[in-house]
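Following: one structure in structure tokens, then a few remarks.
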Amino acid sequence: MLNRGREAITYVIGEADCYVELVPLVSIMERDEERSFEDPTHTTVCGVEVQFQVTSENEHQSIPADSGGYHELFEDMFSEMNERDVLFEIGAHMGIISCVVGRHYRDLDIVCFEPNPRTRKRLETNLKLNGLDAIVMDCAVSNSDGVMVLDTRHASRGGAKEAHRSGQGSEIPVRTLDGVVTDDGIPSPTVIVADIVGEELNLLRGGLTVFSSPTTRLAYIVTHDQPLERLGGSTQDVEKLLRRYGFDKVEHLRENLLKAKKSEHSR
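Start counting the sequence shown at 850; every next residue gets the next number (the numbering used here).
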């Protein structure tokens, strides 16, 4: 599911009795009217008890309901992953995926990427609330190092913004995935989850070594058709590049959610 505000099309991951919205994961909240949420919100997501601290109504609406959450995504992740995995959540937003998966696999190594300082503060708080010791990176991820700008022209329910090389907005640092793993001593991922609003192809282009590595065996990528098209790409291009990197099983869990997996013989 992807919510893009007034122009949004919402795709539901899950069934009627296990519903939650998959919030876009690169965010700023300049236009979100804030109110006081002093106590963490407790919820159960597909059998996993988690809690989240929020500071705005938009953030509060983005967290899972008590009746369940992300049914297909988490059920698939739980069937594929194990305690020895290293999870990268790129565009982590408030850390919903990292918190749920980290609570399910208590020995899991987690690396979160969230460039927005305000959102990253919530991410760090939520990781701590759920007893998770994750690495948090303060950069966006693309095909080259430098600086990008988060577009502040349009608000959305989840606060998601597109990132551009120039324009109006808040400047954020940007790194390649290969550079982060090589230069920062970050453990190489085995599982990658990404929701980065139009930068899907650039993530792959800047992560050739990481995505091609036999140890990187599973990826879940939320695709954003219009932002991809504005950068001259498409979901089909994302699929082709994943296959080129050795992911021989590529499927849509939902219309805008790709799952890519390497079989044993392809690694």
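Where is the CB? At the ideal position from N, CA and C, for every residue including glycine.
Member of Asp1044, Ser991, Ala1043 whose CA lies at the smallest distance from the CA of Ile1021
Looking up residue 1021 in the sequence shown gives position 172. Out of Asp1044, Ser991, Ala1043, Ser991 has the C-alpha closest to the C-alpha of Ile1021.
Just checking, does the stretch 1065-1076 make contact with the stretch 955-970 on the three C-beta pairs under 8 Å criterion?
Under the three-pair Cβ rule at 8 Å, the stretch 1065-1076 does not count as touching the stretch 955-970.
Based on Cα-Cα distance, which residue from Lys970, Gly1081, Val996, Leu957 lies nearest to Ala983?
Taking the sequence shown and counting its residues from 1, the one referred to as residue 983 is at position 134. Answer by Cα proximity: Leu957.
Per DSSP, cross-strand counterpart(s) of Gln900
Translated into positions along the sequence shown, residue 900 becomes position 51. Bridge partners of Gln900: His891.
Secondary structure of Ile912, DSSP reduced to three states:
Sequence index remark: in the sequence shown, residue 912 carries index 63 (1-based). In the three-state scheme derived from DSSP, where H, G and I count as helix and E and B as strand, Ile912 is classed as coil.
Roughly how many angstroms separate the alpha carbons of Leu1050 and Asp1086, rounded to a whole number?
Mapped onto the sequence shown, residue 1050 falls at position 201. Mapped onto the sequence shown, residue 1086 falls at position 237. Near 7 Å, if we compare the C-alpha coordinates of Asp1086 and Leu1050.
Identify the residues that DSSP records as bridge partners of Leu1106: which are they?
Within the sequence shown, residue 1106 is the residue found at index 257, counting from 1. Leu1106 pairs with Val1071, Arg1103.
Own chain residues within Cβ distance below 8 Å of Asn931, not counting five before or after:
For the purposes of this step, residue 931 is identified with residue 82 of the sequence shown, where counting begins at 1. For Asn931, where only same-chain residues beyond five positions count, the Cβ hits under 8 Å are Tyr954.
According to DSSP, is Leu957 part of a helix, a strand, or is it coil?
Looking up residue 957 in the sequence shown gives position 108. DSSP places Leu957 in coil when its eight states are reduced to three.
Within 7 Å, strictly: CB atoms of Asp1097 and Gly1056:
Taking the first residue of the sequence shown as 1, we reach residue 1097 at position 248. Taking the first residue of the sequence shown as 1, we reach residue 1056 at position 207. For Asp1097 and Gly1056, no; Cβs fall outside 7 Å.
Alpha carbon to alpha carbon, how far is Glu1088 from Glu1078?
Stepping through the sequence shown from its first residue, residue 1088 is reached at position 239. Stepping through the sequence shown from its first residue, residue 1078 is reached at position 229. A straight-line Cα-Cα distance of about 14 Å links Glu1088 and Glu1078.
Gly1028 - containing alpha helix (DSSP H), residue span:
Along the sequence shown, read from residue 1 onward, the residue named residue 1028 stands at position 179. Here the alpha helix (DSSP H) through Gly1028 covers 1026-1032.
Thinking C-beta only, is Ile1035 closer than 7 Å to Gly940?
Taking the sequence shown and counting its residues from 1, one reaches residue 940 at position 91. Taking the sequence shown and counting its residues from 1, one reaches residue 1035 at position 186. Between Gly940 and Ile1035, the C-beta gap is not smaller than 7 Å, which leaves the two residues out of contact.
Can you give me the C-alpha to C-alpha distance between Phe886 and Ser905, rounded to a whole angstrom?
Looking up residue 886 in the sequence shown gives position 37. Looking up residue 905 in the sequence shown gives position 56. Computed Cα separation, rounded: 7 Å.
Can you tell me whether DSSP reads Ser1035 as helix, strand or coil?
One-based indexing of the sequence shown puts residue 1035 at position 186. Per the sequence shown, residue 1035 should be read as Ile rather than Ser. It is coil, neither helix nor strand.
Which parts of the stretch 1042-1093 are runs of the alpha helix (DSSP H), unbroken and 4 residues or longer, counting only runs that do not cross its ends?
DSSP assignment within the stretch 1042-1093 yields the following whole alpha helix (DSSP H) runs of 4 residues or more, N-terminal first: 1049-1054, 1057-1061, 1074-1079, 1084-1093.
What are the boundary residues of the beta strand (DSSP E) that Ser991 is part of?
By 1-based counting over the sequence shown, the position of residue 991 is 142. 989-991 is the extent of the beta strand (DSSP E) around Ser991.
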